[in-house]
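Engineer: Going by my numbering, the sequence shown opens with residue 542, and the numbers climb by one from there.
For each residue, glycine too, the CB sits at the ideal point set by N, CA and C.
It should be emphasised that the depicted structure is a prediction, and the values quoted were computed from it without experimental measurement.
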Amino acid sequence: MHNPPAVRRLIAEIDRYLARLEGPGIAEVRAAIARFAPGPVRETILPTPPRHGDLADAMSAIAGADELRDAIAATLPDLAWVTYDVYPRAMIGDRFPVAHAFVSLIGESGLIAVEDFELGLFIIAPRTLYRDHRHKAPELYVPLTGPHEWRFGTDESWSEYAAHMPIWNESMRIHATLVRDIPFLALFAWTKDVKAGSAVVAAPDWAEIEARL
Numbered sequence: 542m543h544n545p546p547a548v549r550r551l552i553a554e555i556d557r558y559l560a561r562l563e564g565p566g567i568a569e570v571r572a573a574i575a576r577f578a579p580g581p582v583r584e585t586i587l588p589t590p591p592r593h594g595d596l597a598d599a600m601s602a603i604a605g606a607d608e609l610r611d612a613i614a615a616t617l618p619d620l621a622w623v624t625y626d627v628y629p630r631a632m633i634g635d636r637f638p639v640a641h642a643f644v645s646l647i648g649e650s651g652l653i654a655v656e657d658f659e660l661g662l663f664i665i666a667p668r669t670l671y672r673d674h675r676h677k678a679p680e681l682y683v684p685l686t687g688p689h690e691w692r693f694g695t696d697e698s699w700s701e702y703a704a705h706m707p708i709w710n711e712s713m714r715i716h717a718t719l720v721r722d723i724p725f726l727a728l729f730a731w732t733k734d735v736k737a738g739s740a741v742v743a744a745p746d747w748a749e750i751e752a753r754l
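This is how it looks when you write it as structure tokens:
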């Protein structure tokens with residue numbers, strides 16, 4: 542049995558947190574939250590923890606967002622963490638499939654069911670490369686932990702992003718995430734074209750990067 546007040550509190554805290562930030566995509570995500578948050582909270586989703594054991598460390602690494610951290614903690618017994626399993630293992634590698642998880646708060650399979658929008662939490666274990674990929678859906682990431690590294694093209698340099706620095710990926714923008722010692726825990730949203738899926742984009746340096754993690 543889910544706890545609708547805790548779920549609604551979490552979504553409200555996400556909206557309040559986003560209101561503190563600036564950058565592309567935030568207004569679109571907040572508008573969608575305002576539209577969809579009043580919907581009924583589903584009670585038929587079986588709560589499941591992430592496969593890997595880094596969630597407690599990730600929660601401890603959140604700083605500067607106490608209210609949001611506490612709201613996440615209050616909903617942990619109700620969250621169904623799953624993996625994104627559409628990537629061919631030969632392309633995404635062996636590490637990422639067992640080192641990440643996400644939970645949908647608002648979305649087709651979310652605690653509040655809607656179509657063509659997704660809002661949730663995403664975690665990646667330390668020492669993991671989320672290889673270069675792209676998707677039709679425009680995407681907002683807001684890391685709650687950090688720093689982590691990103692690049693936006695297979696021949697681009699890596700840049701370090703601190704916690705609470707929003708990252709907006711326009712449709713089909715290539716992007717990759719490099720997680721070192723601190724678990725990656727982030728808010729994410731796909732604002733449309735959610736069913737279009739995601740594809741890996743080959744890069745020549747994956748083996749070198751992963752060997753150093």
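How far does the beta strand (DSSP E) with Y558 in it reach, from first residue to last?
Structural biologist: Segment 545-560 is the alpha helix (DSSP H) holding Y558; no beta strand (DSSP E) there.
Engineer: Any idea if R672 is buried or exposed, counting beta-carbon neighbours within 10 angstroms, 16 or more meaning buried?
Structural biologist: So R672 counts as buried.
Engineer: With a floor of 3 residues, list each beta strand (DSSP E) that falls wholly inside the segment 648-710, ordered by position along the chain.
Structural biologist: Runs of the beta strand (DSSP E) inside the segment 648-710: 659-665, 669-676, 680-684, 689-692, 700-702, 708-710.
Engineer: Within the same chain, show all residues whose beta-carbon is closer than 6 Å to that of L562, passing over the 5 residues directly before and after it, in chain order.
Structural biologist: Excluding sequence neighbours, L562 sits near P707.
Engineer: State buried or exposed for G683, treating a residue as buried only when at least 16 other CB atoms are found within 10 Å of its CB.
Structural biologist: A quick correction: the sequence has Val, not Gly, at residue 683. When all chains shown are included, V683 counts as buried.
Engineer: Helix, strand or coil for A748 per DSSP?
Structural biologist: The answer is helix: DSSP assigns A748 an H, G or I state.
Engineer: Thinking just about the alpha-carbon of each residue, which of K736, A568, L551 is nearest to the one in L617?
Structural biologist: Nearest option by C-alpha distance: L551.
Engineer: Could you tell me which residues DSSP puts in a beta bridge with A621?
Structural biologist: T589, per the DSSP bridge assignment.
Engineer: Following the continuous beta strand (DSSP E) through T718, name the residue where it begins and the one where it ends.
Structural biologist: Run containing T718: 716-720, per the beta strand (DSSP E) assignment.
Engineer: Is it right to say E639 is buried, meaning 16 or more other beta carbons lie within 10 angstroms of its own, or is it exposed?
Structural biologist: Reading off the sequence, residue 639 comes out as Val, not Glu. The residue is exposed, with fewer than 16 neighbouring Cβ atoms inside 10 Å.
Engineer: By DSSP's criteria, L728 is part of a beta bridge. Which residues make up the other side?
Structural biologist: Partner(s): L662, V683.
Engineer: Buried or exposed for V570, going by 16 or more other Cβ atoms inside 10 Å?
Structural biologist: Buried, since its Cβ has 16 or more Cβ neighbours within 10 Å.
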